[in-house]
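Residue numbers 267 to 597, in my numbering, belong to the letters of the sequence shown in order. Beta carbons are placed, not taken as given, at the ideal position from N, Cα and C, and that holds for glycine. Structure first, then comments.
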Amino acid sequence: MNIVVTGGAGFIGSHFIKHILRKYSGYKILNIDKLTYAGNPENLEEAEDNPDYTFVKEDICSKRIIEKVVEGYDVIVNFAAESHVDRSIEEPEVFLKTDVMGTFNLLEICRTAGFKKYIQISTDETYGSAGGGETFSEESPLNPSNPYSASKAAADLLVLSYSKTYKLPVNIARSTNNYGPNQYPEKFIPLFVTNAIEDKPLPLYGDGKNVRDWLFVEDNCRGIDVILHKGIDGEIYNIAGENERENIFIAKKIIECLDKSEQLIKPVKDRPGHDRRYSISCGKIKGLGWKPEVSLEDGLRLTVDWYKTHPQWWKKIKSGEFLEYYKKHYK
Ligand code: NAD
Ligand code: TYD
């Protein structure tokens, strides 16, 4: 299989590339990534010398260039996106450009070049906030709350329209919140882990009782692999961690893993339009033989240990672009 991975220098995409290269021999991977603030070639050091791996620094919005470089490949897995909700609230435009127009470009390329499969990496956030006891399935309506999730939902609808209208063989993977090594430290878990290591405050939004369902990144990659090989054309697959927890629970667990004081937890102003809870069912992908394998306890320990032992990876990030963002956002 010759796979184009877009956004492969980011958190989940880089794990997916390493997963595929480790598991299959003879698969070629072309990683197209613009290297925004979130893209980091260090995430792929392991793949650099692999003859089956090629990297091209490019924007998925540059259609003419992308259609040339993908010649000879037959599948696109699209991870490329602006991915942080708080940034989407502050500067939404780039989310529409990359997440919607970028997806549109890739779909057009797949349609005209006759690709065998297009997989859109989407999110449970497109369903919006779930009420107590409510759990969304693949059939639930989309009800996004912020410019990030609205852009991802718009992209999903475009993908489905290409399936219905042009019979493009597509799948959509909607996963819950991922965590693990190499996640950019603007996101909740790596921000709290790295702040706690440095004895800095952990800025907990609102009452800390918002619920997220935590999925270890390698479990997500195995799920996407299953969809790639067994997914039925035109189908959406939810990928859940089955670990719904309040944010305050995760914050306390991180403190416990690092043997720090709970005094570090600092309640701050809530995020506008903050979704209270995400909850999805994943029976459909379980029917293809997948299930989450890493427990939250093990995954969190592994993640905390990785950040403890890789300060060179995140200290550089936290002193660069991230620092400007952090000062502005948490002022
Ligand atoms: P990330 O922000 O870590 O990585 C995104 C990558 O896309 C970066 O390498 C960046 O350089 C690249 N990129 C951004 N704009 C681009 C463009 N215009 N052209 C080419 N490359 C571009 O994100 P992530 O957490 O790895 O998420 C990957 C995908 O998974 C996203 O589509 C996101 O919506 C989805 N997702 C993420 C989570 C999560 O918890 N992180 C959960 C569900 C779904
Ligand atoms: P985040 O990692 O941004 O993912 P998402 O909003 O896409 O689910 O945030 C996860 C949860 O953590 C969410 O409820 C918001 C909360 N949060 C904080 O309490 N403090 C923070 O500094 C951040 C970044 C997030």
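- With respect to the 9 Å criterion, V322 and Y384 are not classified as neighbours on the basis of their beta carbons.
- Annotation for A517: the continuous alpha helix (DSSP H) segment containing it runs 513–524.
- When secondary structure is reduced to three states using DSSP, Y384 falls in the strand class.
- Secondary-structure assignment with DSSP links L470 through a beta bridge to P533.
- For N412, the secondary structure class from DSSP, reduced to helix, strand or coil, is coil.
- In this structure, T389 has its beta carbon less than 8 Å from a heavy atom of the ligand NAD.
- The criterion of a C-beta distance shorter than 9 Å is not satisfied by D390 and D485.
- Between N444 and L408, the CB-CB gap reaches or exceeds 9 Å.
- Pairing G489 with H281, the inter-Cα distance amounts to about 12 Å.
- Non-local beta-carbon contacts of F588 in its own chain, meaning distances under 7 Å to residues more than five positions away in sequence, involve P451, E452 in chain order.
- Bridge pairing for Y544: absent [DSSP].
- Inclusion of E452 in the 8 Å shell around the ligand TYD follows from its C-beta lying nearer than that to a non-hydrogen atom of the ligand.
- With a cut-off of 8 Å, the C-beta of I455 is classified as near the ligand TYD, since at least one heavy atom of the ligand falls inside that distance.
- N371 carries a helical assignment under DSSP once its states are collapsed to helix, strand and coil.
- Under the three-state reduction of DSSP, Y393 is assigned to helix.
- Following the DSSP letters along the chain, one finds I342 inside the beta strand (DSSP E) bounded by residues 341–344.
- DSSP, read as helix, strand or coil, puts S406 in coil.
- As for any alpha helix (DSSP H) of minimum length 4 sitting wholly inside the stretch 440–495, the runs are 454–463, ordered along the chain.
- With fewer than 16 other CB atoms across the displayed protein chains lying within 10 angstroms of its CB, D536 is exposed.
- By the criterion of a C-beta distance shorter than 6 Å, N461 is surrounded in its chain by L468, once the five residues flanking it on both sides are discounted.
- Taking a cut-off of 8 Å for Cβ pairs, the stretch 427–438 and the stretch 493–506 touch, as three or more such pairs fall below it.
- Straight-line spacing of the CA atoms in Y503 and N306 works out to 28 Å.
- Uninterrupted alpha helix (DSSP H) stretches at least 4 residues long and entirely within the stretch 547–596 occur at 549–552, 562–575, 577–584, 587–595, given in chain order.
- As computed with DSSP, K323 is found in a beta bridge with D299.
- Looking at the DSSP output, T272 shares a beta bridge with I298, N344.
- As computed with DSSP, E501 is found in a beta bridge with N437.
- When the beta-carbon positions are compared, Y414 and D365 come within less than 9 Å of each other.
- For a cut-off of 8 Å, the C-beta gap from L372 to T272 is around 7 Å, short enough to register as a contact.
- By alpha-carbon distance to I298, the top candidate from F361, E510, G368 is G368.
- In the displayed model, E333 falls within a helix according to three-state DSSP.
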